[in-house]
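In the UniProt record's numbering, the protein residues as written are 1 to 495. Ideal Cβ positions, reconstructed from N, Cα and C, are used throughout, including at glycine. Input: a single structure, listed below in structure tokens.
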């Protein structure tokens with residue numbers, strides 16, 4: 001179905017106050033710092049929820065069309081990304097934020113932002129989720145928050161980013177479907193675009209999309225609008241116009257979301273036709289079939305549509321279950337032209353946070369100059385929480401060896417192998433040592449905790465030094481490749 005297109009600049013809201021100091025207040029705004037504010041919390045399973053600690057005040061409905069709420073979720077560490085979302089999204093935003101005692105200070109900053117910034121006042125609903133106490137008999141406490149005392153002039157993006165950079169991410173399993181549901185339940189409109197906070201929408205998305213939403217998602221209609229997702233390398237600016245996306249796609253600078261890691265979950269047929277149509281002025285929308293149990297589409301739905309099943313464990317088809325439920329309930333899926341969003345960074349492996357397993361540390365490192373079936377590999381004196389498989393003789397570049405494949409003790413994915421016996425005398429030093437393939441594990445700059453990899457205070461050395469470069473993670477302990485990319489026991493190895 002085709003409909004008249006819209007100029008890219010139509011109804012685009014000025015966001016000047018998000019450039020430079022994002023909290024430039026309106027002249028009539030009260031600069032006084034409020035006293036402590038109390039919020040009622042409600043129990044939802046094992047968690048407590050405080051809805052609307054800030055509430056959007058602007059009405060975005062226009063010409064009889066109802067607005068779409070951007071319904072997203074995050075931990076305190078990701079809160080600064082909301083600046084970019086508020087700048088890009090011309091409509092209400094509903095954010096559910098997961099906190100614990102290490103990140104509770106973000107709440108005072110959020111309340112102060114709401115006092116200082118008209119953009120935060122106009123657009124943002126914030127809802128707080130935290131784990132309930134086993135001693136409260138299922139009752140959730142009153143949440144008391146004191147706004148941060150910083151002046152509005154100093155409450156810049158830089159200040160907020162610096163404030164959250166030292167916060168520890170919650171160690172508990174992130175209740176992702178609860179977070180999605182809270183964002184939807186706290187939305188200020190009937191149309192919800194459920195998305196991750198890191199996804200950056202195409203230009204004028206909210207204005208263009210709400211026309212389709214009002215046509216296809218009115219109460220009683222069982223439709224869901226599916227939005228195409230893309231990804232670019234982390235050092236590349238996400239395209240926000242179709243012409244830029246098209247150019248980057250042909251130049252292999254932009255890709256379908258999770259095209260390496262999990263294409264079955266995100267591939268939508270007709271991409272080239274979609275790009276061609278989206279370059280034209282006229283917008284259109286086409287019906288597609290449900291793609292199967294692996295499909296996890298990013299959708300715009302009505303408030304009356306089913307919620308995500310909160311009992312599904314995080315990272316165990318948590319997003320697929322909603323698409324399945326919509327299909328079971330008779331919903332139809334529609335893909336519009338022109339509308340898309342983009343993720344910075346290309347995911348190539350699966351991170352199993354619930355399978356996070358301590359394996360070894362730098363003190364056990366013998367050498368980093370090895371090669372496995374997936375690329376570079378490390379040789380360690382010892383590794384823990386692994387399973388050794390049957391011994392097998394293999395002809396390698398350095399001669400015959402008897403080796404045992406080793407697997408993660410929790411997730412059962414193959415990580416490398418252990419040398420049982422070396423036929424060559426000069427290779428005997430490797431016996432009983434373990435190879436872990438670099439692409440299948442995650443090194444961690446962690447805390448002084450016995451379950452964390454030990455912190456390396458040394459500076460990066462040259463190529464001849466045994467060095468594992470750190471990454472910006474403090475909680476996940478092992479990263480496992482997707483099942484599709486796992487090497488088999490007969491994969492050729494070389495040293």
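Using the three-state DSSP reduction, which class does residue i fall into: helix, strand or coil?
i: residue 561; result: Coverage of the chain is limited to positions 1 through 495, which leaves residue 561 absent and any answer about it impossible.
i: residue 38; result: strand
i: residue 51; result: strand
i: residue 327; result: helix
i: residue 107; result: helix
i: residue 476; result: Confidence is the limiting factor: at residue 476 the pLDDT is only 27, short of 50, which leaves the residue's position unreliable and the question unanswerable from this model.
i: residue 223; result: strand
i: residue 75; result: strand
i: residue 119; result: helix
i: residue 198; result: coil
i: residue 44; result: strand
i: residue 455; result: Caution is warranted here: a pLDDT of 36 is assigned to residue 455, below 50, making its placement in the model unreliable, and the coordinate value is therefore given only provisionally. Looking at residue 455 - three-state DSSP - the assignment turns out to be coil, as it is neither helix nor strand.
i: residue 337; result: coil
i: residue 514; result: Lying outside 1 to 495, the shown extent of the chain, residue 514 is not represented and no answer is given.
i: residue 343; result: strand
Mind checking whether residue i and residue j have CB atoms under 8 angstroms apart?
i: residue 208; j: residue 70; result: no
i: residue 92; j: residue 63; result: no
i: residue 404; j: residue 384; result: no
i: residue 163; j: residue 66; result: no
i: residue 73; j: residue 229; result: no
i: residue 225; j: residue 334; result: yes
i: residue 223; j: residue 290; result: no
i: residue 381; j: residue 366; result: yes
Quick check: the Cα distance between residue i and residue j, rounded to an integer number of angstroms?
i: residue 178; j: residue 302; result: 18 angstroms
i: residue 76; j: residue 175; result: 14 angstroms
i: residue 360; j: residue 435; result: 11 angstroms
i: residue 103; j: residue 129; result: 12 angstroms
i: residue 371; j: residue 252; result: 28 angstroms
i: residue 248; j: residue 278; result: 15 angstroms
i: residue 117; j: residue 284; result: 37 angstroms
i: residue 421; j: residue 377; result: 19 angstroms
i: residue 325; j: residue 41; result: 29 angstroms
i: residue 135; j: residue 180; result: 27 angstroms
i: residue 54; j: residue 182; result: 14 angstroms
i: residue 473; j: residue 105; result: Residue placement at residue 473 cannot be trusted, given a pLDDT of 31 that sits under 50; what the coordinates show is reported in the next sentence. One C-alpha to the other measures close to 21 angstroms.
i: residue 321; j: residue 131; result: 23 angstroms
i: residue 155; j: residue 191; result: 32 angstroms
i: residue 394; j: residue 293; result: 39 angstroms
i: residue 200; j: residue 424; result: 56 angstroms
i: residue 214; j: residue 319; result: 24 angstroms
i: residue 152; j: residue 111; result: 12 angstroms
Can you tell which of the options has its C-alpha closest to the C-alpha of residue i?
i: residue 255; options: 326, 345, 155, 389; result: 345
i: residue 510; options: 374, 80, 54, 343; result: This structure cannot speak to residue 510, because the chain is shown only from 1 to 495.
i: residue 38; options: 45, 51, 47, 197; result: 51
i: residue 120; options: 94, 218, 143; result: 94
i: residue 87; options: 391, 264, 205; result: 205
i: residue 98; options: 231, 172, 363, 194; result: 172
i: residue 82; options: 149, 157, 382; result: 157
i: residue 429; options: 90, 59, 442, 379; result: 379
* Asked: Hey, which unbroken runs of the beta strand (DSSP E) at 3 residues or more fall wholly within the region 254-327?
  -> 254-256, 283-288, 298-302
* To do: Can you check the region 136-171 for any alpha helix (DSSP H) of at least 4 residues that lies completely inside it and give the ranges in chain order?
  => 157-165
* Residue ranges of each beta strand (DSSP E) within the UniProt domain "Yippee" (348-445), 3 or longer -> 365-372, 375-380, 386-396, 399-408, 414-422, 434-437
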